[in-house]
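Colleague:
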Amino acid sequence: MRKLFMATAFLAASALTAHADDVKEVQMLHWWTSGGEAAALNVLKQDLAKEGYAWKDVPVAGGGGDAAMTALKAMVAAGNYPTASQMLGYTVLDYAAAGKMGDLTETAIAEGWDKAVPAALQKFAVYDGKWVAAPVNVHSVNWLWINKAVMDKIGGTEPKTFDEFIALLDKAKAAGVTPLALGGQNWQEATMFDSVVLSTGGPEFYKKAFNELDEESLKSDTMKKSFDNLAKLKEYVDPNFSGRDWNLATAMVIKGDALVQVMGDWAKGEFKAANKVPGTDFLCYRFPGTDGSVIYNSDMFGMFDVPADQKAAQIALAKATLSKSFQSAFNVVKGSVPARTDVPDTDFDACGKKGIADLKAANDGGTLFGSLAQGYGAPPAVANAYKDVVSKFVHGQITTSEEAVNQLVQAIDDAK
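Residue numbers -20 to -1, 1 to 396, in mature numbering (1 follows the signal peptide of the UniProt record, and there is no 0), belong to the letters of the sequence shown in order.
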């Protein structure tokens, strides 16, 4: 695996080495390689093409972004900075603290970003008073994505509690349908566990445990119960889940091979790419027990301190990314909601409109929480330790909830 990462990093770095003077070109490192993601990214490519900028794609496959960040680390170490890279919160701050990021502040002031971008995102896009990244969207992870035809077949209704969710999964199992589509990769498992913890412990517990890393909460009986609930969900996953990519799990739901997937709203981009319509072909519900709260992450384009002849392209990319027209067009396709609060929901479908309304309510009500699995709850070392423990529990290397809690506390303590 390490050799694979090194090879990927080398290829990606090689793609960035040649710089012609004043070439109007944007070089973008990202991990958006599924059908829905690629369609969304095309919106930005087309916007920049209208301004005369060529697009140099540097894709690194892997839905959680770990392989892409390994490649990025090698590029930065070699001094081969891309114009921008897709990043998640704390990774942006790490590179900013290391002095590797550019300064978009002049553009941000001129474009009014401080008034339009939610404070929760500015916490990660601004470092030491300087804008270093352009937020692309707001994703939320506490969603259920359900095949409506299967739901109708089994006579299911929206589950409002965890127990109701288990009862719904039992109905699917009895009907011979895979109840829960899951990809057995650590980031997918931990993303689902984010929702399980919020559902089991409530908003204040989630905040204390996964945003404040409060040790008493992490080692509590509530956390043990959360692992017990995760173990219950594992019973409804098919035996071939290990290593499955997230979009293949989404495809199981789209095709009716599975009832439901617990996944962030990037899953909706796959339904849209398959020409599926919410309310007709699929249903979007909040994870049972989490209504009123949003666990979020945000894709950001981290802007590096590139040479002077590349800064015009970088500014063009930043402006395009946070334009109202792009924020609407991109997020309609991607499944996420805009990173600006002043973008109308006119072009969004029912799930998108719900996502925008839920985000506003959570932001106003103090129930908008960073996803630990998705890089917004704690720095990368802590998030990686968390994903590792959760994955070991799901795959049977940790056999009891008590052991899982003990290992989680120790792993997070070691990572701090």
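For every residue, glycine included, the Cβ atom is placed at its ideal position computed from N, Cα and C. As the structure is a computational prediction, the values presented were derived from the model and not from experiment.
Which class does E5 belong to by DSSP, given the choice of helix, strand or coil?
Modeller: Position 25 of the sequence shown holds residue 5. Correct three-state label for E5: strand.
Colleague: Which same chain residues, not among the five before or five after M(-20), have their C-beta less than 8 Å away from its C-beta?
Modeller: The sequence position of residue -20 within the sequence shown is 1, counting from 1. Unreliable placement is indicated for M(-20), whose pLDDT of 46 sits below 50; the coordinate value is still reported in the next sentence. Hits under 8 Å: none found.
Colleague: In whole angstroms, what is the alpha-carbon distance linking D338 and S278?
Modeller: For this step, residue 338 is matched to residue 358 along the sequence shown. For this step, residue 278 is matched to residue 298 along the sequence shown. Roughly 15 Å separates the two Cα atoms.
Colleague: What is the DSSP secondary structure of S197, reduced to helix, strand or coil?
Modeller: Start at 1 with the first residue of the sequence shown, and residue 197 comes out as number 217. Helix at S197.
Colleague: With respect to the alpha helix (DSSP H) encompassing A360, which residues constitute its N-terminal and C-terminal limits?
Modeller: Here the question's residue 360 lines up with position 380 in the sequence shown. Per the sequence shown, the amino acid found at residue 360 is Pro instead of Ala. Run containing P360: 360 to 374, per the alpha helix (DSSP H) assignment.
Colleague: V23 to I378, Cα distance in whole Å?
Modeller: For this step, residue 23 is matched to residue 43 along the sequence shown. For this step, residue 378 is matched to residue 398 along the sequence shown. Their backbone Cα atoms lie some 44 Å apart in a straight line.
Colleague: Checking 8 Å against the spacing of the C-beta atoms, do V56 and A113 come in under that value?
Modeller: Sequence index remark: in the sequence shown, residue 56 carries index 76 (1-based). Sequence index remark: in the sequence shown, residue 113 carries index 133 (1-based). Cβ atoms of V56 and A113: not closer than 8 Å.
Colleague: Please report the distance separating the alpha-carbon of Q307 from that of Q294.
Modeller: Counting from one through the sequence shown, the residue named residue 307 turns up at place 327. Counting from one through the sequence shown, the residue named residue 294 turns up at place 314. Straight-line Cα distance between these residues: approximately 17 Å.
Colleague: Count the other C-beta atoms from every protein chain shown that fall within 10 angstroms of the C-beta of P39, then say buried if there are 16 or more, exposed otherwise.
Modeller: Counting from 1 along the sequence shown, the entry for residue 39 is found at position 59. With 16 or more other Cβ atoms within 10 Å, it is buried.
Colleague: How long is the line joining the alpha carbons of D394 and V374, rounded to whole angstroms?
Modeller: Counting from 1 along the sequence shown, the entry for residue 394 is found at position 414. Counting from 1 along the sequence shown, the entry for residue 374 is found at position 394. Rounded to whole angstroms, D394 to V374 spans 21 Å at the Cα level.
Colleague: What does the Cβ neighbour count give for G272, buried or exposed, with the cut at 16 atoms within 10 Å?
Modeller: As a working note, residue 272 is residue 292 in the sequence shown. Exposed.
Colleague: For L213 and A384, I'd like the C-alpha separation in whole angstroms.
Modeller: For the purposes of this step, residue 213 is taken as the residue at position 233 of the sequence shown. For the purposes of this step, residue 384 is taken as the residue at position 404 of the sequence shown. Using only the alpha carbons, I get a separation of about 16 Å.
Colleague: If you draw a straight line from the C-alpha of A391 to the C-alpha of A365, how long is it?
Modeller: For this step, residue 391 is matched to residue 411 along the sequence shown. For this step, residue 365 is matched to residue 385 along the sequence shown. When rounded, the distance between both Cα atoms is 6 Å.
Colleague: CB V358 to CB L193, shorter than 8 Å?
Modeller: Counted from its first residue, the sequence shown places residue 358 at position 378. Counted from its first residue, the sequence shown places residue 193 at position 213. Here residue 358 is Ala; the residue named in the question, Val, does not match the sequence. Contact flag set, yes.
Colleague: CA-CA distance, M280 and S351?
Modeller: Translated into positions along the sequence shown, residue 280 becomes position 300. Translated into positions along the sequence shown, residue 351 becomes position 371. Answer to the nearest angstrom: the Cα atoms are 15 Å apart.
Colleague: Leaving out five residues before and five after N209 in sequence, what residues of the same chain have Cβ atoms less than 7 Å from its Cβ?
Modeller: Residue numbering aside, residue 209 sits at position 229 when the sequence shown is read from its first letter. Excluding positions up to five away in sequence, the list reads F142, V176, T180.
Colleague: Which value, in whole angstroms, describes the spacing of the CA atoms of Y216 and G156?
Modeller: Counted from its first residue, the sequence shown places residue 216 at position 236. Counted from its first residue, the sequence shown places residue 156 at position 176. Rounded to the nearest angstrom, the two C-alpha atoms are 11 Å apart.
Colleague: Within 10 angstroms of its Cβ, does Q241 collect 16 or more other Cβ (buried), or is it exposed?
Modeller: If you number the sequence shown from 1, residue 241 lands on position 261. Q241 is buried by the Cβ-count criterion.
Colleague: Is the stretch 233 to 252 touching the stretch 300 to 314 in the sense that three or more CB pairs, one from each, lie closer than 8 Å?
Modeller: Flag = yes, the stretch 300 to 314 and the stretch 233 to 252 touch.
Colleague: Look at the Cβ atom of V233, then the Cβ atom of W125, and state whether they are nearer than 8 Å.
Modeller: Against the sequence shown, residue 233 aligns to sequence position 253. Against the sequence shown, residue 125 aligns to sequence position 145. Result yes, Cβ atoms of V233 and W125 sit closer than 8 Å.
Colleague: Counting along the chain, where does the alpha helix (DSSP H) carrying W167 start and finish?
Modeller: Along the sequence shown, one-based indexing puts residue 167 at 187. Counting along the chain, the alpha helix (DSSP H) containing W167 begins and ends at 166 to 181.
Colleague: Are K110 and D83 close, meaning C-beta to C-beta below 8 Å?
Modeller: Taking the sequence shown and counting its residues from 1, one reaches residue 110 at position 130. Taking the sequence shown and counting its residues from 1, one reaches residue 83 at position 103. Taking 8 Å as the Cβ cut-off, K110 and D83 qualify as a contacting pair.
Colleague: Looking at C-alpha atoms only, which residue of E184, D322, W167 is the closest neighbour of G345?
Modeller: On the sequence shown, position 365 is the one that residue 345 refers to. Comparing Cα positions, the closest option is E184.
Colleague: Go ahead and pull the three-state DSSP assignment for D322.
Modeller: Locating residue 322 in the sequence shown gives position 342, where the first residue counts as 1. Note: D322 maps to coil in three-state DSSP.
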